[in-house]
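K.L.:
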Amino acid sequence: MNPRFFALMLLLNLTCSCTIFRSIRYWTPDIDEFNAFPQAIIQSGEEKFQFPVVLDSIIVYRRVKDPVNDTIWVSIDKFLYRSSTTAYLIIRNDTIVFEQYYRGYDRSKISTFFSVTKSVTSLLVGIAIDEGYIKSIQDSVIHYIPEFKKGDPRFKKLTIEHLLNMQAGLHFNENYSNPFNHMAQLFYGRNSLGSLKKLKFEHNPGERYEYNSATTAILGIVLERAVKRPYAEYLEEKVWKPLGMEYDASLSLDDKKHRVAKSYQGLSATAIDLAKIGRLYLNGGNWNGKQIVSKEWVERSITPNIEEGHIGIKYRGYQYQWYSDGRTVRDSTGAYRFNDSISALRFAEESAGKYYKIWKREREDKSGRDWIVVNYPPQFYAFGVMGQVLYIDPEKKIIMVRLGEASYQAYNNVVNLMMALTQHYPILEEKW
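For what it's worth, numbering that gives the first Met the number 0 labels the leading residue of the sequence shown as 0, then goes sequentially.
Take a look at the structure:
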């Protein structure tokens with residue numbers, strides 16, 4: 000090691016905040032991020048649920064940029080191998096039809112889910128409401144975290160529902176790599192609550208959708224205060240053991256002293272056990288005859304949040320920490336941009352489904368903006384950075400899990416693959 004670099008790191012360790020040192024040491028998130036933080040272990044129970052397995056080779060239709068032939072048949076296995084994927088599962092009608100692991104991973108090896116954790120946090124909040132620990136999603140956050148009374152006055156207007164729908168209005172920069180940004184302070188810091196208390200508001204709570212991890216970090220603290228036990232302990236008792244998870248999981252904490260759960264990104268577990276969360280939601284919160292979370296909570300979680308007039312910034316097909324699978328609607332010629340909102344709405348009424356939104360989008364030549372129609376079909380998913388995905392299609396009874404590392408382009412390819420696997424390709428209909 001370069002002596003100057005060693006001296007610099009030593010100086011940083013001695014004189015700078017722990018946040019900066021952690022940020023420089025780990026720099027960007029990785030799927031083995033659990034090595035960077037203290038962990039709370041979530042133990043599996045004696046009874047293990049296992050999906051039946053009927054493996055089959057699946058071929059997908061994929062477009063590639065080729066001057067001679069722009070379409071080729073590509074095996075899903077080969078595609079995933081080249082896309083930084085570590086685990087991929089396809090479960091249809093409660094049966095595993097595809098299960099592969101790459102880059103040294105296997106069924107038993109855990110990795111960090113990142114923001115898929117947010118959807119699990121929502122599940123626990125739903126259970127806490129069912130059990131009466133939380134009276135209502137309209138409860139004020141200050142009721143559970145009185146420390147916020149000394150912060151920005153708008154904390155007094157913040158409710159649990161605002162947190163669930165990413166409508167807190169907090170000024171928060173979702174950037175891991177800059178050690179001075181909010182995300183780095185929260186992610187690498189050793190006092191989550193201390194960091195959150197300092198946040199200011201950019202908008203009033205409830206005004207608009209704006210994704211940021213601070214909202215779920217606060218939601219996790221509300222949960223722990225409400226149930227009066229650690230997040231990991233509650234998850235183990237209410238979900239991990241009842242669902243027959245096959246392997247232990249772990250949850251990152253801010254540090255050994257405060258032990259606040261990283262409820263926004265800190266859950267690490269296996270792909271096969273994550274699929275069981277998907278099965279729970281696919282079955283309306285019911286697990287083999289036992290209602291783990293109310294059917295009403297699941298329905299709220301998977302019904303797209305859309306304004307009545309289909310235009311606005313308050314909702315974006317994101318609700319209770321779950322994404323609805325928004326897809327741009329095209330006409331018969333493939334066109335999808337409209338010069339004005341009236342034309343877009345007219346087209347949407349004729350061509351889109353029940354849930355749709357009209358969005359302004361900048362033109363590719365930067366000459367102005369057009370309007371597009373985004374339809375929200377029944378498919379929904381949980382998503383984490385670098386392409387950690389739990390994808391559920393309630394119509395075809397399909398659950399898919401993808402874990403791994405990926406560039407932005409590779410992530411897009413993986414999500415496009417998931418969408419393709421739930422659409423009506425003849426080869427898939429033939430196989431299934």
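Yeah, the Cβ is synthetic: ideal placement off N, Cα and C, and Gly gets one too.
For the beta strand (DSSP E) that contains THR332, what are its first and last residues?
P.N.:
Note, THR332: premise wrong, no beta strand (DSSP E); not H, not E.
K.L.:
Can you check the stretch 228 to 304 for any beta strand (DSSP E) of at least 3 residues that lies completely inside it and give the ranges in chain order?
P.N.:
The stretch 228 to 304 contains these whole beta strand (DSSP E) runs: 248 to 251 and 266 to 268.
K.L.:
Compute the Euclidean distance between the alpha carbons of PHE171 and THR116, then round it to the nearest angstrom.
P.N.:
The straight-line gap from Cα to Cα measures roughly 19 Å.
K.L.:
For GLU361, which beta-bridge partners are listed by DSSP?
P.N.:
Answer by DSSP bridge pairing, in chain order: ARG368.
K.L.:
Using the beta-carbon count (16 or more within 10 Å), is ARG278 buried or exposed?
P.N.:
Burial call: buried.
K.L.:
Looking at C-alpha atoms only, which residue of LEU234, ARG153 and LYS197 is the closest neighbour of ASN203?
P.N.:
With distances taken between Cα atoms, ASN203 lies closest to ARG153.
K.L.:
In the structure shown, what three-state DSSP assignment does GLY383 receive?
P.N.:
It is a strand residue.
K.L.:
Which residue from TYR390, PRO377 and GLY188 puts its Cα closest to that of PHE36?
P.N.:
Nearest C-alpha to PHE36: GLY188.
K.L.:
Which word fits GLY333, buried or exposed, when buried means at least 16 other C-beta atoms lie within 10 angstroms of its C-beta?
P.N.:
Exposed, because fewer than 16 other Cβ atoms sit within 10 Å of the Cβ of GLY333.
K.L.:
Could you give the distance in angstroms between the alpha-carbon of ALA225 and the alpha-carbon of PRO241?
P.N.:
Rounded to the nearest angstrom, the two C-alpha atoms are 21 Å apart.
K.L.:
By the three-class DSSP mapping on this structure, what secondary structure does VAL53 have?
P.N.:
Reduced to three states, the DSSP call for VAL53 is coil.
K.L.:
Could you name the residues of the same chain whose beta carbon sits closer than 7 Å to that of ILE41, not counting the 5 residues immediately before and after it, in chain order?
P.N.:
Closer than 7 Å at the Cβ level, and outside the excluded window around ILE41, lie ALA231, LEU234, GLU235, TRP239, ASP247, ALA248, SER249 and LEU250.
K.L.:
Nearest to TYR355 by CA position, among SER366, GLU363 and VAL373, is which residue?
P.N.:
Taking only the C-alpha atoms, the option nearest TYR355 is VAL373.
K.L.:
Is the beta carbon of SER121 sitting closer than 9 Å to the one on LEU163?
P.N.:
Yes, these two residues count as a Cβ contact at 9 Å.
K.L.:
Looking only at C-alpha atoms, which of PHE337, ARG336 and TYR375 sits nearest to SER323?
P.N.:
If we check each option's Cα against that of SER323, TYR375 comes out closest.
K.L.:
Helix or strand or just coil, what does DSSP make of PHE200?
P.N.:
Of the three classes helix, strand and coil, the one that applies to PHE200 here is strand, per DSSP.
K.L.:
Please classify GLU32: is it buried, with 16 or more other beta-carbons within 10 angstroms of its beta-carbon, or exposed?
P.N.:
It counts as buried.
K.L.:
With a 10 Å radius around its C-beta and 16 neighbouring C-beta atoms as the bar for buried, classify GLY131 as buried or exposed.
P.N.:
Classification of GLY131: exposed, given that the 10 Å Cβ count is below 16.
K.L.:
By a C-beta neighbour count over all protein chains shown, 10 Å radius and 16 as the cutoff for buried, is GLN166 buried or exposed?
P.N.:
The residue in question, GLN166, is buried, as its Cβ has 16 or more Cβ neighbours within 10 Å.
K.L.:
Which partner residues of THR111 appear in the DSSP bridge assignment?
P.N.:
Paired residue(s): SER267.
K.L.:
For PHE186, does the three-state DSSP call read helix, strand or coil?
P.N.:
Helix, per DSSP.
K.L.:
In its own chain, which residues sit with a C-beta less than 6 Å from the C-beta of TYR101, not counting the 5 before and 5 after it?
P.N.:
Within the same chain, TYR101 has close Cβ partners TYR80, THR84 and THR85.
K.L.:
Where does ALA167 fall in DSSP's three states?
P.N.:
In this structure, ALA167 counts as coil in the three-state DSSP scheme.
K.L.:
Any contact of the stretch 257 to 266 with the stretch 104 to 113, i.e. 3+ C-beta pairs under 8 Å?
P.N.:
Verdict: yes, contact present.
K.L.:
Count the CB pairs spanning the stretch 129 to 145 and the stretch 211 to 230 that are closer than 8 Å, and state whether there are at least three.
P.N.:
Counting Cβ pairs under 8 Å, three or more are found: they touch.
K.L.:
Would you say GLN166 touches the ligand ZN, meaning its beta carbon is less than 8 Å from a heavy atom?
P.N.:
Among the components modelled here there is no ligand, and therefore nothing to report on the ligand ZN.
K.L.:
Could you name the residues of the same chain whose beta carbon sits closer than 6 Å to that of TYR390, not counting the 5 residues immediately before and after it, in chain order?
P.N.:
So the list reads TYR380, MET399 and MET417, once near-sequence residues are dropped.
K.L.:
Is it the case that the Cβ atoms of SER331 and VAL259 are separated by a distance below 9 Å?
P.N.:
No; because the gap between Cβ atoms is not below 9 Å, this pair is not in contact.
K.L.:
Classify LEU54: buried if its beta carbon has 16 or more other beta carbons within 10 angstroms, exposed otherwise.
P.N.:
Counting Cβ neighbours within 10 Å, LEU54 comes out exposed, since fewer than 16 surround it.
K.L.:
Taking GLU98 as part of the beta strand (DSSP E), name the residues at either end of that continuous run.
P.N.:
It spans 94 to 100 - the beta strand (DSSP E) in which GLU98 sits, taken as one unbroken run.
K.L.:
Which one of GLN49, ILE357, SER366 and TYR335 has the shortest CA to CA distance from LEU344?
P.N.:
The candidate whose alpha carbon is nearest that of LEU344 is ILE357.
K.L.:
Output the boundary residues of the alpha helix (DSSP H) element that contains LEU157.
P.N.:
Taken as a continuous stretch (DSSP letters only), LEU157 belongs to no alpha helix (DSSP H), as it is neither H nor E.
K.L.:
So the alpha helix (DSSP H) SER342 belongs to, where does it begin and stop?
P.N.:
340 to 350 is the span of the alpha helix (DSSP H), which, as asked, contains SER342.
K.L.:
Out of PRO393, PHE346 and LYS77, point me to the one whose CA is closest to VAL328's CA.
P.N.:
It is PHE346.
K.L.:
Is PRO303 buried or exposed, if buried means 16 or more other CB atoms sit within 10 Å of its CB?
P.N.:
Under this definition PRO303 is a buried residue.
K.L.:
What is the C-beta distance between SER300 and TYR319, in whole angstroms, given that I count them as a contact (C-beta under 8 Å)?
P.N.:
Indeed they touch by this definition, with Cβ atoms about 4 Å apart.
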